[in-house]
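What follows is a short report on a single structure.
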Ligand SMILES: Cc1cc2nc3c(=O)[nH]c(=O)nc-3n(C[C@H](O)[C@H](O)[C@H](O)COP(=O)(O)O)c2cc1C
Ligand code: SF4
Ligand code: SF4
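In my numbering, the protein residues as written are 385 to 834.
Structure, rendered in structure tokens:
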């Protein structure tokens, strides 16, 4: 297999690949970032630098788990860099100088127009090709910074303008998911002169309650705080925000024909719960041109990028894509409002008695939480479908055996002249199964159909 080229232009900057570290301790000094470049990452959003130097608490991390699986989600109470501003800019300057093919992005956060200008000037002097503005840390000790600023359109606009007036380096505004409507804040940033937005930063959370101290976790001197949640658990929320921002026509219009229109529309950078090549591909499919990762690196180290690179190359080869540009955004037209979904058919589950281990989970879930559509054959210890089935596929989602329950017969609704469903008809010819689709458990249900 000839290796597919993963290089991509992001906001006019040539990148070896779209896989970057997101701003956090995974990219907090020269040696760390140098090592990540040598491992294969295309770039790094350096740990956020401010004029404010953070005074940290200890400990500051916690995690959620389920059924013995650790790191379902991850909580941190960390602020921006705790190193002096000049020390951070010296690292950034040396990284830009020593690794010209890799993209070191400065992440900055000020607390006033003059601080944002001062930081933008320092980015200019360090020679970075891109700047990210952190409008989104949810646990700053000052309310003049972080997600409180990111949900205030006037401040987002004026701080974006402060950077755009100071330097020509494209400015990416990093958005908070702790908001009602991200598109509004994204448009405020673009109005102020930002080139694009990135999302998501962490979600305000309390991960666990400690019953010894009767507070949340982690416990700091007997107390705890609400703070940012990240990792695999937040990926669906991040994908949703990226989709909504990328589908926002008003925002796309603002970018069109402007200084940062490089022919791809709004160039979003996607962040949140990304661990594997498949996660990366999902963010690309909803229109992101750049990918950022932290939590998975905190758990597994920099080498996860090897899977991202080879997995993405294999996927592109298998699907016949020659460049990432052919793939980016391909899912956006088919992510539609709920009222536009086809509601004219249902897909009944098909049970494979040979694969079934007789655990009864499908029966219990359907009986207690769906439509009592499964009868339990005591003698055979096997499920049997009755006429109550609505095709919700809860059973398929709880079955622990791969491909034991698969999508089966399709039934079409037959409507009377008033549009009421009166009975069901079999018409499998209307939907064709993808060849071999059922063999691939990793495909979503939607992907089983053409
Ligand atoms: C320990 C930790 C520190 C972080 N520090 C920063 C930061 O300084 N600046 C920033 O913009 N985001 C920061 N983040 C947020 C991440 O860059 C990222 O947006 C978020 O964690 C979601 O991505 P993930 O699920 O891949 O971690 C931090 C996240 C973690 C876990
Ligand atoms: S598809 Fe839903 S209703 Fe039908 S058997 Fe499965 S869980 Fe029950
Ligand atoms: S959940 Fe799967 S394995 Fe368990 S009884 Fe149902 S079909 Fe069989």
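Yeah, the Cβ is synthetic: ideal placement off N, Cα and C, and Gly gets one too.
Which of helix, strand or coil DSSP assigns to residue 493 = For the purposes of this step, residue 493 is taken as residue 109 along the chain shown, with counting starting at 1. Three-state result, residue 493: strand.
request  = Spatial neighbours of residue 406 within its chain, please: CB distance less than 7 Å, with the 5 preceding and 5 following residues excluded, ordered by chain position.
outcome  = Within the chain shown, residue 406 is the residue found at index 22, counting from 1. Result list for residue 406: 429, 655, 676, 677, 678, in chain order.
inquiry  = Runs of 4 residues minimum, wholly inside the segment 446-505: which ones carry the alpha helix (DSSP H) assignment?
reply    = Positions of the alpha helix (DSSP H) runs, each at least 4 residues long and wholly inside the segment 446-505, are given as 469-482 in order along the chain.
Reference residue 540; option with closest CA among 557, 552, 525 = Here residue 540 refers to the residue found at position 156 of the chain shown. Of 557, 552, 525, the residue nearest in Cα terms is 557.
inquiry  = I want to see whether chain D comes within less than 7 Å of residue 401, judged by CB atoms only; does it?
reply    = Looking at the structure shown, chain D is missing, and only one protein chain is on hand.
request  = Note the first and the last residue of the continuous alpha helix (DSSP H) segment covering residue 615.
outcome  = As a working note, residue 615 is residue 231 in the chain shown. First-last for residue 615: undefined, no H or E at that position.
request  = Could you have a look at residue 711 and say whether DSSP puts it in helix, strand or coil?
outcome  = Residue 711 sits at position 327 when you count from the first residue of the chain shown. Shown here, residue 711 sits in coil according to DSSP, grouped into three states, outside any helix or strand.
query = Is DSSP giving residue 579 helix, strand or coil here?
reply = Residue numbering aside, residue 579 sits at position 195 when the chain shown is read from its first letter. Coil at residue 579, not helix or strand.
inquiry  = Starting from residue 394, trace the beta strand (DSSP E) in both directions and tell me its first and last residue.
reply    = Residue mapping note: residue 394 aligns to position 10 of the chain shown, counting from 1. Element bounds for residue 394: 392-394.
query = What separation, rounded to the nearest whole angstrom, lies between the Cα atoms of residue 619 and residue 681?
reply = For the purposes of this step, residue 619 is identified with residue 235 of the chain shown, where counting begins at 1. For the purposes of this step, residue 681 is identified with residue 297 of the chain shown, where counting begins at 1. When rounded, the distance between both Cα atoms is 15 Å.
request  = Might you give, ordered along the chain, the residues of its own chain that have their beta carbon closer than 6 Å to the beta carbon of residue 529, omitting 5 neighbours on each side?
outcome  = Taking the first residue of the chain shown as position 1, residue 529 is located at position 145. Residues of the same chain with a CB within less than 6 Å of the CB of residue 529, apart from the 5 flanking positions on each side, are 493, 495 in chain order.
Residue 548 burial status per 10 Å Cβ neighbour count (16 or more: buried) = In the chain shown, the residue the question calls residue 548 occupies position 164. Buried is the label assigned to residue 548, since at least 16 other Cβ atoms lie within 10 Å of its Cβ.
ask   = When you compare only the Cα positions, how much space is there between residue 769 and residue 756?
value = Residue 769 sits at position 385 when you count from the first residue of the chain shown. Residue 756 sits at position 372 when you count from the first residue of the chain shown. Between residue 769 and residue 756, the C-alpha separation is close to 9 Å.
message = Let's see if you can read the secondary structure: which residues bound the alpha helix (DSSP H) around residue 681?
response = Locating residue 681 in the chain shown gives position 297, counting from the first residue. Taken as a continuous stretch (DSSP letters only), the alpha helix (DSSP H) holding residue 681 covers 679-684.
task = Please state whether DSSP places residue 729 in a helix, a strand or coil.
result = Here residue 729 refers to the residue found at position 345 when the chain shown is read from its first residue. Of the three classes helix, strand and coil, the one that applies to residue 729 here is strand, per DSSP.
task = May I ask you to report which of helix, strand or coil DSSP gives residue 533?
result = By one-based count along the chain shown, residue 533 stands at place 149. Three-state result, residue 533: helix.
key: Whole alpha helix (DSSP H) elements within the segment 587-664, 4-residue minimum   = The DSSP assignment places complete alpha helix (DSSP H) segments of no fewer than 4 residues inside the segment 587-664 at 619-631, 633-639, in order along the chain.
request  = Please report the residue range of the beta strand (DSSP E) in which residue 763 lies.
outcome  = Residue numbering aside, residue 763 sits at position 379 when the chain shown is read from its first letter. No residue range can be given for residue 763, since it is assigned to no beta strand (DSSP E) and is classified by DSSP as neither H nor E.
ask   = Quick one: what does DSSP say residue 672 is sitting in, helix, strand or coil?
value = Taking the chain shown and counting its residues from 1, the one referred to as residue 672 is at position 288. DSSP places residue 672 in strand when its eight states are reduced to three.
message = Given a cut-off of 7 Å on the beta-carbon distance, is the pair residue 354 and residue 743 in contact?
response = What the structure shows of the chain is the stretch from 385 to 834, and residue 354 is not part of that stretch, so it cannot be assessed.
query = What residues match up with residue 433 in a beta bridge as DSSP calls it?
reply = Locating residue 433 in the chain shown gives position 49, counting from the first residue. Bridge partners of residue 433: 492.
key: Per DSSP, cross-strand counterpart(s) of residue 398   = One-based indexing of the chain shown puts residue 398 at position 14. According to DSSP, which records beta bridges pairwise, residue 398 is partnered with 393.
inquiry  = DSSP three-state label for residue 785, please.
reply    = The residue labelled residue 785 in the question sits at position 401 within the chain shown. Collapsing the DSSP output to three states places residue 785 in coil.
inquiry  = Here's a check: name, in chain order, each residue in its chain whose Cβ is nearer than 6 Å to the Cβ of residue 915, leaving out the five neighbours to either side.
reply    = The question about residue 915 has no answer, for the chain in this structure spans 385 to 834.
query = Which residue's Cα is closest to the Cα of residue 587: 567, 808, 597, 616?
reply = The residue given as residue 587 occupies position 203 in the chain shown. When the alpha-carbon of residue 587 is set against those of 567, 808, 597, 616, the nearest one is in 616.
ask   = Quick one: is the Cβ of residue 778 within less than 6 Å of any heavy atom of ligand 2?
value = Locating residue 778 in the chain shown gives position 394, counting from the first residue. Under cutoff, so the answer is yes.
ask   = The alpha helix (DSSP H) with residue 753 in it runs from where to where?
value = As a working note, residue 753 is residue 369 in the chain shown. Taken as a continuous stretch (DSSP letters only), the alpha helix (DSSP H) holding residue 753 covers 745-753.
inquiry  = Suppose the cutoff is 6 Å on Cβ atoms and the five residues either side in sequence are ignored; what does the same chain contact list for residue 483 look like?
reply    = Locating residue 483 in the chain shown gives position 99, where the first residue counts as 1. The answer, listed in chain order, is 421.
Straight-line gap, residue 604 to residue 714 (C-alpha atoms, nearest Å) = By one-based count along the chain shown, residue 604 stands at place 220. By one-based count along the chain shown, residue 714 stands at place 330. In a straight line, the C-alpha of residue 604 is about 46 Å away from that of residue 714.
inquiry  = Taking its Cβ as the centre, do 16 or more other Cβ atoms sit within 10 Å of residue 635, making it buried, or is it exposed?
reply    = Translated into the one-based positions of the chain shown, residue 635 becomes position 251. So residue 635 counts as buried.
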